[in-house]
Structures are given as C-alpha cells and as structure tokens.
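K.L.:
Numbering (the numbering used here), first residue to last: 447 to 701.
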C-alpha cells in the first residue's frame, strides 16, 4: 500500500500570492506547497483520491496520475474541493460515473455547489456518482473507517484506509483530539496529520497537537501536512522526533 502526497500546504499555499514565503526558504523546493490532497494506492494499482484541491490539475500532471478509482472528501472547504472540475477528463473513457464519497453535510454542499458534476447538463453526462460514506464499507479494493473530527465550528472527516494488510490514515483540518479519533486511528501504519504551524490555532492542529495525536494513537509513522509559510522544511526536519516525516508535494511512502 502506497501513499502519494499531492499537496502539503495550507489554504493559501506556500508561497502566498505576492511571493510571500514567510519563514520558508525559497531555495528549498520542498517548501513550495500546493493545497492538500493525497492518493492511496493498493498493490493491485487501484487508487483512491482524497480531496480535490484547487491545485488538482497541476498535481495530477506532476505525478503522472491519469486515473483514479474513487474520490473521498474530508469536507467542503474551498481548498479541499474546488478542483473537482479537473476530474472531468477521468470520465471520458469510463462507461459510468466516477464514484465519490463524503459525509451527509459535505454531500449536500457539493451537490448544491457543483450540481452539473452530479446531474449532468446540456447533453454532458453525469461525471460522478456521489454516495454517503455511511452507506459503504468497501471501495476499489480498500476497506475503510471514518470519524468526524472537530474543525472549529464545523467538522472534517478523518479516514482510515486498509488494503494488503496495511493501513493509512488521513486526518487533516482538526482542532482537537477526541476518543473516537484515537480509536479509529489506533496503531495505523501511516498517519498523515494536520500541522498548520507551531502556535495554537482555533480551527487547525498545531505541531504539538499533531504529535499528541500520533502518540495517543500509537501509529507506526507520522507525516505532517497542511503547513503554512512559518513551517520551513529543513528547520522542521531538525525539530520533529524519530518516526515523523515532514511532508512535501510529491512525497511517496510505502506502508
């Protein structure tokens, strides 16, 4: 089972518009961060895409990804879903719509915001068949579990994907740790975790909270994501404990 990190940055990316690198060294290529999204792939080559970031087209081209077998959404904030239109080309050689999955609220908001994707319009076919994660347990060769995580005043869905005897967890955009999160993520092989900055934040995990979730869930390896312009790659590498990887766009890792 393989993890491919398509994007590792916060909602504005690094650098921000205006060429604002903050504390990140522009000479370090791993500091250039597009908006967050991942792919998990099993040994049979089946792929699940988690979130359709606003940088999705460039991410798929950079990593040579021409197709995925299903799409999951953590929530409907713009940086996690507004790249959905880039999935259109994946419908061209399919006989049926691409399957997509999200929680109840996210399904409702995606259908309202991108109705043409799920209904088809003006002679164009339906691009995706969207289902509630409550209604399925197996998708494209993966079993999965999910948990709703506090994300300030709303929630974000954390996912645990399992295949080939391995597990990868994606826990982005959360602001506190709940017992249900710890139970769902328990002893995962890889935890990809929200880590916006070092200082506390009202809607995101900071470095201390990210590492706390890693310890509580007793995961084998942790990968930090959703980092802002204060999180210089090399400085952070020297700061994190053993078993923690500072994520970057294009990172590949086997569980």
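Even for Gly, the Cβ is constructed at its ideal location relative to N, Cα and C. These figures come from a predicted structure and were not determined experimentally.
Between which two residues does the alpha helix (DSSP H) holding residue 627 run?
P.N.:
Within the chain shown, numbered from 1, the residue matching residue 627 stands at position 181. 625-631 is the span of the alpha helix (DSSP H), which, as asked, contains residue 627.
K.L.:
Just reading off the alpha helix (DSSP H) that residue 662 is part of, what are its end residues?
P.N.:
As a working note, residue 662 is residue 216 in the chain shown. Per DSSP, residue 662 belongs to the alpha helix (DSSP H) from 653-663.
K.L.:
Ordered along the chain, which non-local residues of its own chain (more than five positions away) have a Cβ less than 6 Å from that of residue 423?
P.N.:
Nothing can be reported for residue 423: it is not among the residues displayed for the chain, which extend from 447 to 701.
K.L.:
Are the CB atoms of residue 648 and residue 566 within a distance shorter than 9 Å?
P.N.:
Stepping through the chain shown from its first residue, residue 566 is reached at position 120. Stepping through the chain shown from its first residue, residue 648 is reached at position 202. Taking 9 Å as the Cβ cut-off, residue 566 and residue 648 do not qualify as a contacting pair.
K.L.:
From the DSSP output, which residues share a beta bridge with residue 608?
P.N.:
Here residue 608 refers to the residue found at position 162 when the chain shown is read from its first residue. Looking at the DSSP assignment, residue 608 forms a beta bridge with 589 and 613.
K.L.:
Within a Cβ cutoff of 6 Å, which residues of the same chain sit near residue 503, ignoring the five residues on either side of it in sequence?
P.N.:
Within the chain shown, numbered from 1, the residue matching residue 503 stands at position 57. Excluding positions up to five away in sequence, the list reads 532.
K.L.:
Can you list, in chain order, the stretches of the alpha helix (DSSP H) that have 4 or more residues and sit fully within the stretch 505-567?
P.N.:
524-527, 550-559 and 561-565
K.L.:
Touch check for the stretch 665-676 and the stretch 451-470: three-plus C-beta pairs under 8 Å?
P.N.:
yes
K.L.:
State the DSSP-derived secondary structure class of residue 676, mapped to helix, strand or coil.
P.N.:
The residue you call residue 676 lines up with position 230 of the chain shown. Looking at residue 676 - three-state DSSP - the assignment turns out to be coil, as it is neither helix nor strand.
K.L.:
Using the three-state DSSP reduction, which class does residue 666 fall into: helix, strand or coil?
P.N.:
Working through the chain shown from its first residue, we reach residue 666 at position 220. DSSP places residue 666 in coil when its eight states are reduced to three.
K.L.:
At the level of alpha carbons, what is the spacing between residue 665 and residue 563?
P.N.:
Position 219 of the chain shown, counting from 1, holds the residue named residue 665. Position 117 of the chain shown, counting from 1, holds the residue named residue 563. About 37 Å.
K.L.:
Could you tell me if residue 448 is buried or exposed, where buried requires 16 or more neighbouring beta carbons within 10 angstroms of its beta carbon?
P.N.:
Reading the chain shown from its first residue, position 2 is the one you call residue 448. Looking at its Cβ environment, which holds 16 or more other Cβ atoms inside 10 Å, residue 448 is buried.
K.L.:
Under 9 Å, do residue 703 and residue 634 count as touching if we go by C-beta distance?
P.N.:
The chain is shown from 447 up to 701; residue 703 falls before or after that span and cannot be answered.
K.L.:
Can you confirm whether the stretch 573-588 touches the stretch 512-523 when touching is taken to mean that 3 or more C-beta pairs between the two stretches lie within less than 8 Å?
P.N.:
Verdict: yes, contact present.
K.L.:
Report the rounded CA-to-CA distance for residue 555 versus residue 582, giving the unit in angstroms.
P.N.:
Here residue 555 is taken as the residue at index 109 of the chain shown, counted from 1. Here residue 582 is taken as the residue at index 136 of the chain shown, counted from 1. It is roughly 20 Å from the alpha-carbon of residue 555 to the alpha-carbon of residue 582.
K.L.:
Could you check which residue in 469, 511, 654 and 685 has the C-alpha nearest to that of residue 486?
P.N.:
Locating residue 486 in the chain shown gives position 40, counting from the first residue. When only C-alpha atoms are compared, the closest one is 511.
K.L.:
Which residues bound the beta strand (DSSP E) around residue 447?
P.N.:
Against the chain shown, residue 447 aligns to sequence position 1. Looking at the DSSP string, residue 447 is not in any beta strand (DSSP E), and its letter there is neither H nor E.
K.L.:
Please classify residue 464 as buried or exposed, where buried requires at least 16 neighbouring CB atoms within 10 angstroms.
P.N.:
Translated into positions along the chain shown, residue 464 becomes position 18. It counts as exposed.
K.L.:
On a CA-only basis, which of 558, 573 and 568 is nearest residue 536? Give me that one, please.
P.N.:
Walking along the chain shown from the start, residue 536 turns up at place 90. Closest option to residue 536, Cα to Cα, is 573.
K.L.:
Rounding to the nearest angstrom, what Cα-Cα distance links residue 614 and residue 500 in this structure?
P.N.:
Taking the first residue of the chain shown as position 1, residue 614 is located at position 168. Taking the first residue of the chain shown as position 1, residue 500 is located at position 54. Rounded to whole angstroms, residue 614 to residue 500 spans 23 Å at the Cα level.
K.L.:
For residue 483, write down the residues that DSSP places opposite it in a beta bridge.
P.N.:
Along the chain shown, read from residue 1 onward, the residue named residue 483 stands at position 37. Paired residues: 453.
K.L.:
Between residue 475 and residue 482, what straight-line distance do the alpha-carbon atoms span, to the nearest angstrom?
P.N.:
Indexing the chain shown from 1 puts residue 475 at position 29. Indexing the chain shown from 1 puts residue 482 at position 36. Near 16 Å, if we compare the C-alpha coordinates of residue 482 and residue 475.
K.L.:
So the beta strand (DSSP E) residue 471 belongs to, where does it begin and stop?
P.N.:
Here residue 471 refers to the residue found at position 25 when the chain shown is read from its first residue. Careful: residue 471 lies outside any beta strand (DSSP E) and carries neither H nor E.
K.L.:
Apart from the five residues on each side of it in sequence, which residues of its chain come closer than 6 Å, Cβ to Cβ, to residue 663?
P.N.:
Here residue 663 refers to the residue found at position 217 of the chain shown. Here the set comprises 628, 631 and 632.
K.L.:
Per the DSSP calculation, residue 578 is bridged to which residue(s)?
P.N.:
For the purposes of this step, residue 578 is taken as residue 132 along the chain shown, with counting starting at 1. 548.
K.L.:
Using C-beta distances below 8 Å, list every residue in its chain close to residue 547, excluding the 5 sequence neighbours before and after it, in chain order.
P.N.:
In the chain shown, counting from the first residue as 1, residue 547 sits at position 101. Excluding positions up to five away in sequence, the list reads 516, 517, 518, 519, 576, 577, 578, 579, 582 and 585.
K.L.:
According to DSSP, is residue 602 helix, strand or coil?
P.N.:
The residue labelled residue 602 in the question sits at position 156 within the chain shown. Residue 602 falls in the strand class under three-state DSSP.
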